[in-house]
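Numbering (full-length UniProt numbering), first residue to last: 1 to 324.
Glycine included, each C-beta is placed from N, C-alpha and C at the ideal position.
Inspection log for the structure reproduced underneath, given as structure tokens.
Rendered as structure tokens:
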């Protein structure tokens with residue numbers, strides 16, 4: 001495929017970038033991009049991890065916000081979604097065989113792309129499922145990641161026709177019966193703006209809908225039983241006190257208080273045992289706080305920039321010899 005990243009009206013691709021594909025441990029091709037800041041001093045690199053059914057194009061606005069502040073951004077589409085290789089012939093099923101594969105992919109991305117091609121120090125900004133991946137991998141990232149900011153981490157599930165416990169039991173039964181690659185529900189129907197649980201910003205909502213309409217192969221339908229079961233098992237593990245105690249990377253959890261997908265109370269509970277973590281509520285925001293109205297989005301970005309100082313910034317190669 002010649003074109004790697006896509007533009008739509010009102011959502012152009014940021015400039016000063018490198019894009020391509022990297023290969024995972026099990027032979028998949030995952031799409032990535034590195035966006036460089038034009039600032040003479042690089043304050044570090046933000047490794048941006050997406051949520052389920054997200055892709056690089058959805059984060060162009062946030063990428064520009066970060067590069068304008070002197071940060072580089074390195075990001076990739078998770079396996080099985082966006083323009084990365086899909087896991088099943090029915091490509092719109094959201095599937096993963098093992099949750100740890102996401103962690104292996106992050107490790108490969110750091111080794112093959114981030115370490116050789118970007119600037120120290122390294123930070124993580126992760127949303128929802130991406131934040132669950134970061135929480136799971138955090139004990140092994142201590143020597144590489146300086147700080148993490150997690151928005152609405154996927155550590156609980158609400159707003160579904162059945163309870164989380166019932167969904168887990170059904171997913172377990174489906175996997176035992178050899179039906180793990182099938183979803184528990186029919187193809188998801190996109191909700192109109194007035195009913196959506198993601199954002200109260202109509203302009204950003206419609207912008208994201210337009211991306212999916214222009215490039216429908218970037219989008220996903222419902223998750224499979226295996227994806228759900230693997231996620232529930234990971235949530236149970238990462239929210240256990242012994243796992244949270246093992247995380248030493250300083251972390252901020254940005255928690256939207258009107259999140260009807262990941263309950264705010266679950267995010268608040270996480271902070272009680274998370275010795276390296278600090279909870280920052282965004283009052284009134286919905287699940288996708290970086291796609292929210294300016295009043296909420298700017299509060300989240302302010303928390304991010306207050307926490308990510310870039311104290312050990314490198315001088316970009318283009319300016320070596322001209323700086324301090």
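Query raised in the report: Among the residues of its own chain, which have a CB less than 6 angstroms from the CB of residue 145, if the five just before and after it don't count?
Result: 122, 124, 249
Report task. Please determine, among 282, 300, 261, 194, the residue with the shortest C-alpha to C-alpha distance to residue 51. Result -> Looking at the Cα atoms, 261 is the closest of the given residues.
**Report entry** Buried versus exposed, by CB contacts within 10 Å (16 or more), residue 242
**Finding:** By the neighbour-count rule (16 or more Cβ atoms within 10 Å), residue 242 is not buried but exposed.
Query raised in the report: Can you name the start and end residues of the alpha helix (DSSP H) that residue 233 belongs to?
Result: Looking at the DSSP string, the run of the alpha helix (DSSP H) that includes residue 233 is 225-238.
Requested in this report: Give the single residue among 104, 38, 226, 272 whose Cα lies nearest to the Cα of residue 28.
Outcome: Of the candidates 104, 38, 226, 272, the one whose C-alpha sits nearest the C-alpha of residue 28 is 104.
Query raised in the report: Per DSSP, which one or two residues make a beta bridge with residue 32?
Result: 20, 76
**Report entry** Rounded separation between residue 35 and residue 21 - CA only
**Finding:** 15 angstroms
Query - Where residue 277 sits in the DSSP three-state scheme - result: strand
Query raised in the report: What is the C-beta distance between residue 82 and residue 218, in whole angstroms, given that I count them as a contact (C-beta under 8 angstroms)?
Result: 5 angstroms
Query raised in the report: If you run the structure through DSSP and keep just helix, strand and coil, what is residue 53?
Result: coil
Query raised in the report: For residue 177, is the classification buried or exposed, using 16 other Cβ atoms within 10 angstroms of its Cβ as the cut-off for buried?
Result: The C-beta of residue 177 has fewer than 16 other C-beta atoms within 10 Å across all chains shown, which makes the residue exposed.
Report task. State buried or exposed for residue 10, treating a residue as buried only when at least 16 other CB atoms are found within 10 Å of its CB. Result -> exposed
Report task. Leaving out five residues on either side along the sequence, give the residues of the same chain with a beta carbon under 8 angstroms from the beta carbon of residue 270. Result -> 153, 155, 239, 244, 253, 277, 279
Query raised in the report: Is residue 257 closer than 9 angstroms to residue 285 when the C-beta atoms are compared?
Result: Taking 9 angstroms as the Cβ cut-off, residue 285 and residue 257 qualify as a contacting pair.
**Report entry** Option in 30, 60, 46, 69 with minimal Cα separation from residue 38
**Finding:** 69
Requested in this report: Measure from the alpha carbon of residue 167 to the alpha carbon of each residue in 138, 224, 197, 135, then state which is nearest.
Outcome: 224
Query raised in the report: Are the CB atoms of residue 102 and residue 78 nearer to each other than 9 angstroms?
Result: yes
Query raised in the report: Is there contact between the segment 290-298 and the segment 188-208, where contact requires at least three CB pairs shorter than 8 angstroms?
Result: yes
Query raised in the report: So what does DSSP say about residue 334, is it helix, strand or coil?
Result: The displayed coordinates of the chain run from 1 to 324. Any statement about residue 334 would go beyond what the structure contains.
Query raised in the report: Can you name the start and end residues of the beta strand (DSSP E) that residue 123 belongs to?
Result: Run containing residue 123: 122-127, per the beta strand (DSSP E) assignment.
Requested in this report: Quick one: grab the DSSP three-state call for residue 8.
Outcome: strand
Report task. Determine, using beta carbons only, whether residue 163 and residue 296 come nearer to each other than 9 angstroms. Result -> no
Query raised in the report: Alpha carbon to alpha carbon, what distance is there between residue 8 and residue 48?
Result: 21 angstroms
Report task. Decide yes or no for the touch test of the segment 58-67 against the segment 87-94: beta carbon pairs closer than 8 angstroms, at least 3 of them. Result -> no
Query raised in the report: Short check: CB of residue 74 to CB of residue 140, under 9 angstroms?
Result: no
**Report entry** Best match in 26, 25, 5, 24 for proximity to residue 16 [C-alpha to C-alpha]
**Finding:** Of the listed residues, the one whose Cα sits closest to residue 16 is 5.
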